[in-house]
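**Student:** Quick one: this structure, given as structure tokens, is what I'll be asking you about.
Protein chains in written order, with this note's numbering: chain P, 693 to 1293; chain D, 8 to 247.
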């Protein structure tokens, strides 16, 4: 039948070309196919890309004619899209697909013996996570491909210290198909399996190329920071090494309501036991369990001595789930406990206080008004502690938790209900386990810079990196200085970085790896991301202004963000739209997705 | 087969078994407004043991009809047959395909599951459970999952369909059962007072290979008191 996509279509080439310059990745995926059937066929182009990426371009070329994607404001795009839908055409969309990815799909009808080329471009700023930058490329061609290749070129002005390339689908026999080279500032990875190497078995027509292709690397760090300047924009990467760790005071606030019963509770306990193994001796900690009651392990924070850790392990093992969910009182009690410990000077003077709450649902007892809870928590914390919310599963209002965490110098992370949930919890803890600096302030010449991205951070954690970008408005500036002030484990610290603008610009321009004005795009990407994040916790009027600002930048730099859409007009006059899905929408939560089933085992 | 009902408002699940003989066809979903009907035919073990115990049955064949789209889909453990008007297309579980027609998207994910989405309607997931071919007793069977069930009309009925609208229940007096892992409780649902048991069932909707363990309140005796009418009321004469 003509509706079936795989038959008669020969995808003869698929290329993934990645250029990474100073953590900013520019990826182009090109796929070429020909319709070998004697009738017209539908060709599907389906790509999974990281959620953190912004699509910047898409085109398809059919028999020499190129149809380009056009990035528009969401509402304007929607009108064009609705017009197409009202004529009975279907539209392709970008859909959230995995934990880290979203799926971009376009299909087009092409005539017999016709060729089509799809080209998708997306960009992202790679984040440093536990000491490495990571770039994920999802690989899943629909069939065996004559020319399949992944080419990645990395250029890092600081020099690359290590480079790994891993394929979740690559077995030992095929490890040699990944070529990797590393020399000073440049890294190169190439993966070109032949058609025979792609087969799952001899003479099979099925491909083993299905999974994650991951590049991991880190840069050399001769100094705590690195400043780069091109065409009037600068970026400052700050990740000092070999600092003493700041002691941490952490209260784990754990939802033990009835819905946690079963696997979720077991995985939480498993993760907490592993986390207890990693708590450092000069840290202080406590647990506050909550359902409709508030059940602290201890009435105060205790030092992580061997005896206390052993006792805590026993306590964790005894946790049982029952009752409803009182988030408000649990968090208020937590803040009171933390305040008391600080007042009584039980905690080290130079230490970092953190609250980590895990919940799998919305409040069902005590204060139920989510806005009121957010207000109460914000008033209680008063900016003194960081609140991290771990949202376990999908049965809660993510926006509620996200806003609450952002208002209190923290963030929210979804824990996916799966066999590795315990690992996800543990991995989140690892990220925030080692604060190296507190109250980090990055300063640049006031009269010479403008449009700075966020330059104040509550913490710098071991293995992460702080990135600040901005515009240089003083054209006569010869040298550029960045000053960083922060509170360290033993004393207040200051770092200074100075560069000669002309020399830096020249050195970077000489590199053939650089694609255009990447620092300007990196700045735009970071600015849009931060405006969208600020929007979550802003009041109505401010929200509108932040959205307007983010929209203007998204259109100017041609990024598909949650505020813009890309419309592609296909030869049959069908409009296809590419949207960026968001983690959560209020609509989803007013009608939670239900999965009623009949099955057996 | 095991029925698992998600009750998001209660952050909990209900579950029950329907024990009827192999060959019986049950109405699972019936939405008169959108013209969508789902029926399932039961299969049992290859050999029936004569120990007097109730024989466990599973879904072996599914029939999905959409009268508005003039569409009939028959799903067995061997193949998937799509009939659109006079046109028929047959696929096997070895295929990996995405099929898009006006108002319908069907994805077959080789040997794992089949995802059927009707535009502006619910999404159905059929999971293929493969059993070792030479197993002396067991044979392959199917699982059936519904997502976005709020999109169906309020007139939807059937063994699963009646639960697409919110169902209210209260559980109290939780007490130890004969198995310490499975406490008993009293449940008030649809004005009936029932004794229920806390058990765990597996949801294969998200992870077709391993499934996810879901704790639920088990309603005994073929869901009596929870389902509308008696379980035999849902027996229909054939798959379509």
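C-beta atoms are modelled at their ideal positions from N, C-alpha and C, and glycine is treated no differently.
1. Per DSSP, which one or two residues make a beta bridge with residue 164 of chain D?
2. Within 10 angstroms of its Cβ, does residue 182 of chain D collect 16 or more other Cβ (buried), or is it exposed?
3. Taking all protein chains shown into account, do 16 or more other C-beta atoms lie within 10 angstroms of the C-beta of residue 893 of chain P, making it buried, or fewer, making it exposed?
4. Could you pull out every residue in the same chain whose Cβ sits closer than 6 Å to the Cβ of residue 1236 of chain P, ignoring the five residues on either side in sequence?
5. Let's test the definition: count the other Cβ atoms within 10 Å of the Cβ of residue 77 of chain D and tell me whether it reaches 16, buried, or not, exposed.
6. Based on the DSSP secondary-structure assignment, which residues constitute the bridge partners of residue 194 of chain D?
7. DSSP three-state label for residue 1276 of chain P, please.
8. Hey, how far is the Cα of residue 81 of chain D from the Cα of residue 839 of chain P?
9. Using only the alpha-carbon positions, how far apart do residue 1141 of chain P and residue 20 of chain D sit?
10. Are the beta-carbon atoms belonging to residue 1145 of chain P and residue 1219 of chain P less than 7 Å from one another?
11. With DSSP collapsed to three states, give me the class of residue 783 of chain P.
12. Taking buried to mean at least 16 other C-beta atoms within 10 Å of its own C-beta, is residue 48 of chain D buried or exposed?
13. Compile a chain-ordered list of the residues in the region 1109-1124 of chain P whose CB is closer than 9 Å to at least one CB of chain D.
14. Mind pulling the chain P residues with CB within less than 7 Å of residue 162 of chain D?
15. Between residue 102 of chain D and residue 1177 of chain P, what straight-line distance do the alpha-carbon atoms span, to the nearest angstrom?
16. Of all Cβ atoms in chain P, is any one closer than 7 Å to the Cβ of residue 11 of chain D?
17. Measure from the C-beta of residue 187 of chain D to each C-beta in chain P and report whether the shortest distance is under 7 Å.
18. What in chain P is Cβ-close to residue 176 of chain D, meaning under 9 Å?
19. I'd like to know if residue 953 of chain P contacts chain D, where contact means its C-beta is closer than 7 Å to some C-beta of that chain.
20. Which residues in chain D sit within 8 Å of residue 1053 of chain P, going by Cβ to Cβ distance?
21. Count the other CB atoms, across all protein chains shown, that sit within 10 Å of the CB of residue 223 of chain D; report buried if there are 16 or more and exposed otherwise.
22. By the 7 Å beta-carbon criterion, what residues does the region 1083-1102 of chain P contribute toward chain D?
23. Measure from the C-beta of residue 735 of chain P to each C-beta in chain D and report whether the shortest distance is under 7 Å.
24. Mapping DSSP to helix, strand and coil, what is residue 113 of chain D?
25. Can you tell me the Cα-Cα spacing of residue 166 of chain D and residue 148 of chain D, whole angstroms?
26. If you draw a straight line from the C-alpha of residue 62 of chain D to the C-alpha of residue 145 of chain D, how long is it?
27. Measure the C-alpha to C-alpha separation of residue 34 of chain D and residue 91 of chain D and round it to an integer number of angstroms.
28. Against chain P, does residue 220 of chain D count as a neighbour if the rule is that its beta carbon must be under 7 Å from one of theirs?
29. Determine the closest residue to residue 803 of chain P out of P/966, P/725, P/1053, with distance taken between C-alpha atoms.
30. Look at the alpha carbon of residue 976 of chain P and the alpha carbon of residue 996 of chain P, and state the distance between them as a whole number of angstroms.
31. Would you give the residue range spanned by the beta strand (DSSP E) that residue 1034 of chain P belongs to?
32. Excluding the 5 residues preceding and the 5 following residue 121 of chain D in the sequence, name in chain order all residues of the same chain whose CB lies nearer than 6 Å to its CB.
33. Quick test of the definition: if touching needs 3 or more C-beta pairs under 8 Å, does the region 205-223 of chain D touch the region 231-239 of chain D?
34. Could one say the Cβ of residue 8 of chain D lies closer than 7 Å to chain P's Cβ atoms, at least one of them?
35. What residue ranges within the region 947-990 of chain P form continuous beta strand (DSSP E) runs of no fewer than 3 residues, ordered along the chain?
36. Rounded to a whole number of angstroms, what is the C-alpha to C-alpha distance between residue 858 of chain P and residue 947 of chain P?
**Tutor:** Taking the coordinates as given:
1. D/37
2. exposed
3. exposed
4. none
5. exposed
6. D/178, D/201
7. With a pLDDT of only 42 at residue 1276 of chain P, under 50, the local geometry of the prediction cannot be trusted, and no value is derived from it.
8. 38 Å
9. 57 Å
10. yes
11. With a pLDDT of 45 at residue 783 of chain P, under the threshold of 50, the modelled position of this residue cannot be trusted, and the question is left open.
12. buried
13. 1109, 1110, 1111
14. Within 7 Å Cβ-Cβ: nothing; residue 162 of chain D doesn't reach chain P, min ~17 Å.
15. 60 Å
16. yes
17. no
18. Neighbours of residue 176 of chain D on chain P: none; closest Cβ ~13 Å, over 9 Å.
19. yes
20. 18
21. buried
22. 1087
23. no
24. strand
25. 18 Å
26. 12 Å
27. 21 Å
28. yes
29. P/725
30. 6 Å
31. Segment 1019-1035 is the alpha helix (DSSP H) holding residue 1034 of chain P; no beta strand (DSSP E) there.
32. 115, 133
33. no
34. yes
35. 976-982, 986-988
36. 37 Å
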